[in-house]
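The next block holds one structure in the form of structure tokens; read it before the comments.
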Amino acid sequence: MGTELLRPLQGLLSERSCLLVSVALVNSLFSVLAAVALHDLGCLVLQCPRQAFCAALLFCLSPASVFLAAGYSEALFAFLTFSAMGQLERGRGWASGLLFALAAGVRSNGLVSVGFLLHSQCRGFYSSLVVLNPLKGLVKLMASLCLSVLTVSLPFALFQYYAYTQFCLPGSAHAIPEPLLRLASDRGYRLAGDSEPPWCSRAPPLIYSYIQDVYWNVGLLRYYELRQVPNFLLATPVTVLVVWATWTYVTAHPWLCLTLGLQRTKDRESLEKPHPGFLSPKVFVYLVHAAALLAFGGLCMHVQVLTRLLGSSTPIMYWFPAYLLQDREPLLRCVDTAPQKLLEENSPPGQKAPRNCVMKLLYNWKTCSPVTKCILVYFLTYWLLGLILHCNFLPWT
0 MGTELLRPLQ
10 GLLSERSCLL
20 VSVALVNSLF
30 SVLAAVALHD
40 LGCLVLQCPR
50 QAFCAALLFC
60 LSPASVFLAA
70 GYSEALFAFL
80 TFSAMGQLER
90 GRGWASGLLF
100 ALAAGVRSNG
110 LVSVGFLLHS
120 QCRGFYSSLV
130 VLNPLKGLVK
140 LMASLCLSVL
150 TVSLPFALFQ
160 YYAYTQFCLP
170 GSAHAIPEPL
180 LRLASDRGYR
190 LAGDSEPPWC
200 SRAPPLIYSY
210 IQDVYWNVGL
220 LRYYELRQVP
230 NFLLATPVTV
240 LVVWATWTYV
250 TAHPWLCLTL
260 GLQRTKDRES
270 LEKPHPGFLS
280 PKVFVYLVHA
290 AALLAFGGLC
300 MHVQVLTRLL
310 GSSTPIMYWF
320 PAYLLQDREP
330 LLRCVDTAPQ
340 KLLEENSPPG
350 QKAPRNCVMK
360 LLYNWKTCSP
370 VTKCILVYFL
380 TYWLLGLILH
390 CNFLPWT
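With the first letter of the sequence shown counted as 1, position 89 gets the number 88 in numbering that gives the first Met the number 0; the numbers rise by one all the way through.
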């Protein structure tokens with residue numbers, strides 16, 4: 000397909016180069032769509048268009064941006080995940096479940112997203128206790144929870160079944176192209192049709208966990224070695240960001256967090272008309288999702304992938320920096336008064352202050368707060384280093 004789209008360039012590029020260019024173009028398209036979906040989701044959840052727009056701009060400068068353009072599945076996964084979250088915020092449970100299932104089929108960490116469906120259904124059940132029969136509502140809730148889990152996990156289960164038929168059932172393996180056979184020989188991979196692998200006799204027989212264990216050495220605390228210190232340093236900024244976001248939110252809404260976002264208080268008007276922005280009660284479930292990914296990734300995965308794992312999975316990584324920029328940066332905090340005049344006074348002579356909030360901050364770098372400088376340095380440095388190092392086959396996140 001890629002070679003057909005780039006047929007006019009086939010005289011200048013090899014077939015492999017055409018495929019690489021087409022992959023980059025398709026992933027760039029999905030990245031743009033993901034940014035649009037993130038902006039839409041931010042408007043629905045944050046109820047603050049300025050923060051939602053700033054978060055979408057930060058996504059375009061994501062520290063994991065190289066993986067959103069190269070031949071990886073992060074861009075498609077981000078688009079499907081943010082779109083699913085947006086559909087759920089609109090109350091379209093079936094559309095959201097379908098998109099979450101597709102996302103789980105793209106990347107296995109999409110399975111964690113079933114928590115959004117479960118929390119939404121529990122919240123609906125809790126709110127309806129005063130008008131519905133509790134037993135009838137509980138039966139309906141359990142059925143909905145089971146259906147949600149089955150829907151989201153179906154693509155993952157189908158892939159496990161396909162792998163079982165290929166590796167564990169005799170005579171079911173398909174012919175393997177010669178280039179893949181050479182790659183398997185060089186890397187020491189097991190081929191379908193060889194002796195039955197050990198995971199076939201396990202219960203359940205999951206090829207995913209076997210590959211993670213044997214080939215990638217993924218497991219609880221396995222990565223905690225002295226030689227991995229540089230990789231831990233690479234993951235430190237995103238870890239600090241999510242931990243800081245969690246602490247900020249928990250200290251602002253301790254009772255909401257203790258009640259798992261299902262609280263009923265006398266101050267009902269404050270729940271119906273929440274404070275707009277990152278501290279909105281609606282953000283709670285997204286923060287739990289980000290914290291769960293961080294905890295699992297930090298304990299059981301190669302920690303350097305935390306940047307792209309969180310960068311393509313959770314909006315918290317962009318909502319919280321956008322909140323910090325608006326809350327801690329005087330240039331953005333005064334946007335509702337007379338920001339344009341202030342920005343134009345600080346802009347270089349003969350140049351108008353840009354409307355893009357990130358560009359505004361870069362134009363006025365000397366007057367920015369320390370928090371603003373740290374956020375911009377992190378996003379821009381990782382964006383640039385990722386492009387340079389990954390494209391030259393050097394270690395990166």
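The beta carbon of each residue, even a glycine, is placed where N, CA and C say it ideally should be.
Here the structure is a predicted model, which is why all the values come from computation and not from measurement.
Please state whether the Cβ-Cβ distance between Met300 and Leu308 is less than 9 Å.
Translated into the one-based positions of the sequence shown, residue 300 becomes position 301. Translated into the one-based positions of the sequence shown, residue 308 becomes position 309. Taking 9 Å as the Cβ cut-off, Met300 and Leu308 qualify as a contacting pair.
Are the beta-carbon atoms of Cys199 and Phe166 separated by less than 9 Å?
Looking up residue 199 in the sequence shown gives position 200. Looking up residue 166 in the sequence shown gives position 167. Yes, the Cβ-Cβ distance between Cys199 and Phe166 is below 9 Å.
Measure from the alpha carbon of Ala77 to the alpha carbon of each residue in Pro229, Lys135, Val44 and Ala34, then state which is nearest.
One-based indexing of the sequence shown puts residue 77 at position 78. For the residues Pro229, Lys135, Val44 and Ala34, the minimum Cα distance to Ala77 belongs to Ala34.
Compute the distance between the beta-carbons of Gly297 and Phe283, then report whether it is under 9 Å.
For the purposes of this step, residue 297 is taken as residue 298 along the sequence shown, with counting starting at 1. For the purposes of this step, residue 283 is taken as residue 284 along the sequence shown, with counting starting at 1. Taking C-beta atoms as the reference points, Gly297 and Phe283 fail to come closer than 9 Å.
Using DSSP with H/G/I as helix, E/B as strand and the rest coil, what is Asn391?
Start at 1 with the first residue of the sequence shown, and residue 391 comes out as number 392. Correct three-state label for Asn391: coil.
Quick test of the definition: if touching needs 3 or more C-beta pairs under 8 Å, does the region 84–103 touch the region 273–280?
no
Flag this pair as yes or no: are the beta carbons of Asp39 and Gly85 separated by less than 9 Å?
Locating residue 39 in the sequence shown gives position 40, where the first residue counts as 1. Locating residue 85 in the sequence shown gives position 86, where the first residue counts as 1. Going by C-beta atoms, Asp39 is nearer than 9 Å to Gly85.
State buried or exposed for Lys281, treating a residue as buried only when at least 16 other CB atoms are found within 10 Å of its CB.
Locating residue 281 in the sequence shown gives position 282, where the first residue counts as 1. When all chains shown are included, Lys281 counts as exposed.
What does the Cβ neighbour count give for Cys53, buried or exposed, with the cut at 16 atoms within 10 Å?
Working through the sequence shown from its first residue, we reach residue 53 at position 54. Buried, by the Cβ-count rule.
How many angstroms separate the CA atom of Leu11 from the CA atom of Phe81?
Here the question's residue 11 lines up with position 12 in the sequence shown. Here the question's residue 81 lines up with position 82 in the sequence shown. So the two alpha carbons sit approximately 38 Å from each other.
Keeping to the same chain, check which residues put their C-beta closer than 7 Å to that of Ile315; ignore five residues upstream and five downstream.
As a first step, residue 315 must be located in the sequence shown, where it is residue number 316. If we look at Ile315 and ignore the five residues flanking it on each side, its Cβ neighbours are Val241, Ala244, Tyr285, Leu286 and Ala289.
For the alpha helix (DSSP H) holding Tyr362, just list the boundary residues, first then last.
Numbered from 1 along the sequence shown, position 363 holds the residue referred to as residue 362. Cys356 to Tyr362 is the extent of the alpha helix (DSSP H) around Tyr362.
Measuring only the C-alpha atoms, how far is Val249 from Thr258?
Position 250 of the sequence shown, counted from the first residue, corresponds to residue 249. Position 259 of the sequence shown, counted from the first residue, corresponds to residue 258. Cα to Cα, the separation comes out at about 12 Å.
Which value, in whole angstroms, describes the spacing of the CA atoms of Asn132 and Ser119?
For the purposes of this step, residue 132 is identified with residue 133 of the sequence shown, where counting begins at 1. For the purposes of this step, residue 119 is identified with residue 120 of the sequence shown, where counting begins at 1. Taking the straight line joining both Cα atoms gives about 19 Å.
Which stretch, first to last residue, makes up the alpha helix (DSSP H) that contains His38?
Translated into the one-based positions of the sequence shown, residue 38 becomes position 39. Element bounds for His38: Glu14 to Leu45.
CA-to-CA distance, Tyr161 to Trp246, given in whole angstroms:
For the purposes of this step, residue 246 is taken as residue 247 along the sequence shown, with counting starting at 1. For the purposes of this step, residue 161 is taken as residue 162 along the sequence shown, with counting starting at 1. One C-alpha to the other measures close to 43 Å.
Is it true that the CB of Thr306 sits closer than 9 Å to the CB of Pro62?
Taking the first residue of the sequence shown as 1, we reach residue 62 at position 63. Taking the first residue of the sequence shown as 1, we reach residue 306 at position 307. Against a cut-off of 9 Å, the Cβ pair of Thr306 and Pro62 comes out as a contact.
Does DSSP classify Asn108 as helix, strand or coil?
By 1-based counting over the sequence shown, the position of residue 108 is 109. Helix at Asn108.
Local Cβ density within 10 Å of Pro329, reported as buried at 16 or more and exposed below that
Here residue 329 is taken as the residue at index 330 of the sequence shown, counted from 1. Result: exposed.
Find the nearest neighbour of Thr150 within the set Ser112, Pro203, Pro178 and Val370, judged by alpha-carbon distance.
Walking along the sequence shown from the start, residue 150 turns up at place 151. When each option's Cα is compared against that of Thr150, the closest is Ser112.
Please go through the same chain and pick out, in chain order, the residues whose beta-carbon is closer than 6 Å to the beta-carbon of Arg267, but skip the five residues on each side of it.
Taking the first residue of the sequence shown as position 1, residue 267 is located at position 268. Confidence is the limiting factor: at Arg267 the pLDDT is only 47, short of 50, which leaves the residue's position unreliable, though a coordinate-based value still follows. Cβ neighbours of Arg267 beyond the five flanking positions: none.
How far does the alpha helix (DSSP H) with Ser82 in it reach, from first residue to last?
Numbered from 1 along the sequence shown, position 83 holds the residue referred to as residue 82. That run of the alpha helix (DSSP H) goes Glu73 to Glu88.
With C-beta atoms as the reference, is His389 less than 9 Å away from Ala69?
Here residue 389 refers to the residue found at position 390 when the sequence shown is read from its first residue. Here residue 69 refers to the residue found at position 70 when the sequence shown is read from its first residue. Yes; because the gap between Cβ atoms is below 9 Å, this pair is in contact.
Please report the straight-line C-alpha distance between Ser184 and Glu177, rounded to a whole angstrom.
In the sequence shown, residue 184 corresponds to position 185, counting from 1. In the sequence shown, residue 177 corresponds to position 178, counting from 1. Roughly 11 Å separates the two Cα atoms.
Would you report the Cα separation of Thr380 and Val44, rounded to the nearest angstrom?
Sequence index remark: in the sequence shown, residue 380 carries index 381 (1-based). Sequence index remark: in the sequence shown, residue 44 carries index 45 (1-based). One C-alpha to the other measures close to 29 Å.
Check for me: the alpha helix (DSSP H) holding Gly310 runs from which residue to which?
Walking along the sequence shown from the start, residue 310 turns up at place 311. Its alpha helix (DSSP H) spans residues Leu305 to Gly310.
Same chain, Cβ closer than 6 Å to Trp364, neighbours up to 5 away in sequence not counted
One-based indexing of the sequence shown puts residue 364 at position 365. So the list is empty, once near-sequence residues are dropped.
Would you report the Cα separation of Leu67 and Gly170, rounded to the nearest angstrom?
Counting from one through the sequence shown, the residue named residue 67 turns up at place 68. Counting from one through the sequence shown, the residue named residue 170 turns up at place 171. Cα to Cα, Leu67 sits roughly 39 Å from Gly170.
With distance defined between alpha-carbon atoms, name the residue in Tyr207, Phe124 and Asn108 nearest to Gln159.
Position 160 of the sequence shown, counted from the first residue, corresponds to residue 159. Minimum Cα distance to Gln159 is reached at Tyr207.
So the alpha helix (DSSP H) Met141 belongs to, where does it begin and stop?
By 1-based counting over the sequence shown, the position of residue 141 is 142. Unbroken alpha helix (DSSP H) run through Met141: Pro133 to Phe166.
Does Thr336 pass the burial test, meaning 16 or more other C-beta atoms within 10 Å, or should it be called exposed?
Position 337 of the sequence shown, counted from the start, is the residue given in the question as residue 336. For Thr336, the predicted structure reports a pLDDT of 42, less than 50, and the residue's modelled location is therefore unreliable. A value from the coordinates is still provided. Counting Cβ neighbours within 10 Å, Thr336 comes out exposed, since fewer than 16 surround it.
Please look up how many angstroms separate the CB atoms of Phe231 and Val302, rounded, as I've assumed it's under 8 Å.
Locating residue 231 in the sequence shown gives position 232, counting from the first residue. Locating residue 302 in the sequence shown gives position 303, counting from the first residue. Their Cβ separation, rounded to whole angstroms, is 6 Å, which keeps Phe231 and Val302 in contact under 8 Å.
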